[in-house]
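Q: What follows is a single structure, and I will ask about it in a moment.
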Amino acid sequence: DAGITQSPRHKVTETGTPVTLRCHQTENHRYMYWYRQDPGHGLRLIHYSYGVKDTDKGEVSDGYSVSRSKTEDFLLTLESATSSQTSVYFCAISEMRTGDGYTFGSGTRLTVV
Amino acid sequence: EDKVVQSPLSLVVHEGDTVTLNCSYEVTNFRSLLWYKQEKKAPTFLFMLTSSGIEKKSGRLSSILDKKELFSILNITATQTGDSAIYLCAVVKETSGSRLTFGEGTQLTVNP
Numbered sequence: 139d140a141g142i143t144q145s146p147r148h149k150v151t152e153t154g155t156p157v158t159l160r161c162h163q164t165e166n167h168r169y170m171y172w173y174r175q176d177p178g179h180g181l182r183l184i185h186y187s188y189g190v191k192d193t194d195k196g197e198v199s200d201g202y203s204v205s206r207s208k209t210e211d212f213l214l215t216l217e218s219a220t221s222s223q224t225s226v227y228f229c230a231i232s233e234m235r236t237g238d239g240y241t242f243g244s245g246t247r248l249t250v251v
Numbered sequence: 005e006d007k008v009v010q011s012p013l014s015l016v017v018h019e020g021d022t023v024t025l026n027c028s029y030e031v032t033n034f035r036s037l038l039w040y041k042q043e044k045k046a047p048t049f050l051f052m053l054t055s056s057g058i059e060k061k062s063g064r065l066s067s068i069l070d071k072k073e074l075f076s077i078l079n080i081t082a083t084q085t086g087d088s089a090i091y092l093c094a095v096v097k098e099t100s101g102s103r104l105t106f107g108e109g110t111q112l113t114v115n116p
């Protein structure tokens, strides 16, 4: 979807290195989310944001941090990447508090070796 | 602990078949249930259901929610190869804002 872009699309990194994934939106939506998708688990929420500088943890937040200094950008940082963080990461945006109207980015495939 | 369970986990059918995908949930303070279709990349929205017994329809796809028995079904009639995808079910709670809790997904493969 043109209103939300993730970068990079693919990344291979070594265990122990820091990694930052970027989500950029042009829709001016209030809510932004980071999910990870793994076989056997579906999509699981890592962190989310409900406004600039307002963030909170999801169900699998250990080892991850986020920042939102501008409405349009939501960054996900792996402080010290581990092999268990190999996954596909999706960013999503939403304007509605009710859960509908989600738009997902195209995903970042991260491999930690 | 909140749970969203989808079945079957995978399904292979022939073009023209009708399929029914299931989603059951155990969550406190349920608000709504959503269905998404995921092909190679990002999930795309199909339906949002909040009321029991009211069918939502879009072309060959339809879905209904049963809030008493805590489940939803997604029906696809006259399947086509383009329906091959992962179908995801997610729930929203009254107390969780707009956060979604997803099921594992059903991988549907439609063969010619």
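If you read the protein sequences in the order shown, they are chains D and U. Every number in our numbering is 138 more than the matching position in the first sequence, counting from 1. Every number in our numbering is 4 more than the matching position in the second sequence, counting from 1. Think of the CB as a built atom: it goes at the ideal place given N, C-alpha and C, for glycine as much as any other residue. Note that the structure is predicted; figures quoted are calculated from it, not measured.
Suppose you measure from the CA of U:T99 to the CA of U:T32; what does that come to, to the nearest Å?
A: What you label residue 99 of chain U is simply residue 95 of the second sequence in a count that begins at 1. What you label residue 32 of chain U is simply residue 28 of the second sequence in a count that begins at 1. Cα-Cα distance, rounded: 9 Å.
Q: Can you tell me whether U:G107 is helix, strand or coil according to DSSP?
A: The residue you call residue 107 of chain U lines up with position 103 of the second sequence. In the structure shown, U:G107 sits in coil (DSSP, three-state: anything other than H, G, I, E or B).
Q: With 8 Å as the threshold, decide whether the Cβ of U:L92 is near any Cβ in chain D.
A: By one-based count along the second sequence, residue 92 of chain U stands at place 88. Yes, its Cβ sits closer than 8 Å to a Cβ of chain D.
Q: Spatial neighbours of U:K72 within its chain, please: C-beta separation below 8 Å, excluding the five flanking residues on both sides.
A: Position 68 of the second sequence holds residue 72 of chain U. Within the same chain, U:K72 has close Cβ partners S56.
Q: Would a check of beta-carbon distances place D:F228 closer than 8 Å to chain U?
A: Taking the first sequence and counting its residues from 1, one reaches residue 228 of chain D at position 90. It does: the Cβ of D:F228 has a partner Cβ on chain U nearer than 8 Å.
Q: Would you call the region 151-159 of chain D and the region 82-94 of chain U touching, i.e. three or more CB-CB distances under 8 Å?
A: No contact exists between the region 151-159 of chain D and the region 82-94 of chain U.
Q: Alpha carbon to alpha carbon, how far is U:P12 from U:D21?
A: On the second sequence, position 8 is the one that residue 12 of chain U refers to. On the second sequence, position 17 is the one that residue 21 of chain U refers to. Using only the alpha carbons, I get a separation of about 16 Å.
Q: Name, please, each residue of chain U whose Cβ falls closer than 7 Å to the Cβ of D:H185.
A: For this step, residue 185 of chain D is matched to residue 47 along the first sequence. Those do not exist, as D:H185 stays about 10 Å from chain U at its closest Cβ, beyond 7 Å.
Q: I'd like to know whether the C-beta atoms of U:N115 and U:H18 end up nearer to each other than 8 Å.
A: Position 111 of the second sequence, counted from the start, is the residue given in the question as residue 115 of chain U. Position 14 of the second sequence, counted from the start, is the residue given in the question as residue 18 of chain U. Their beta carbons are under 8 Å apart, which means U:N115 touches U:H18 by this criterion.
Q: At the level of alpha carbons, what is the spacing between U:D70 and U:Y29?
A: If you number the second sequence from 1, residue 70 of chain U lands on position 66. If you number the second sequence from 1, residue 29 of chain U lands on position 25. U:D70 and U:Y29: Cα-Cα distance of roughly 10 Å.
Q: Which whole-angstrom value is the C-beta distance of D:G245 and D:Q144, which I expect to be below 8 Å?
A: Here residue 245 of chain D refers to the residue found at position 107 when the first sequence is read from its first residue. Here residue 144 of chain D refers to the residue found at position 6 when the first sequence is read from its first residue. Contact flag correct, Cβ pair sits at about 6 Å.
Q: In this structure, does DSSP put D:G180 in helix, strand or coil?
A: Taking the first sequence and counting its residues from 1, one reaches residue 180 of chain D at position 42. Residue state, collapsed to three classes: strand.
Q: By Cβ distance, which residues of its chain are closer than 7 Å to D:S225, with the 5 residues on each side in sequence left out?
A: In the first sequence, the residue the question calls residue 225 of chain D occupies position 87. Excluding sequence neighbours, D:S225 sits near R174, Q175, D176, L248.
Q: Using a Cβ cut-off of 8 Å (strictly closer), state whether D:D139 contacts chain U.
A: What you label residue 139 of chain D is simply residue 1 of the first sequence in a count that begins at 1. Because D:D139 carries a pLDDT of 49, less than 50, the predicted location of this residue cannot be relied on, and no value is offered for it.
Q: Return the residue from the list D:F242, D:V250, D:V251 that minimises the CA-CA distance to D:E165.
A: Walking along the first sequence from the start, residue 165 of chain D turns up at place 27. D:E165 has its Cα closest to that of D:F242, out of D:F242, D:V250, D:V251.
Q: Looking at the unbroken beta strand (DSSP E) that takes in D:M234, where does it start and where does it end?
A: The count along the first sequence starts at 1 and reaches residue 234 of chain D at position 96. Element bounds for D:M234: n/a, residue is neither H nor E.
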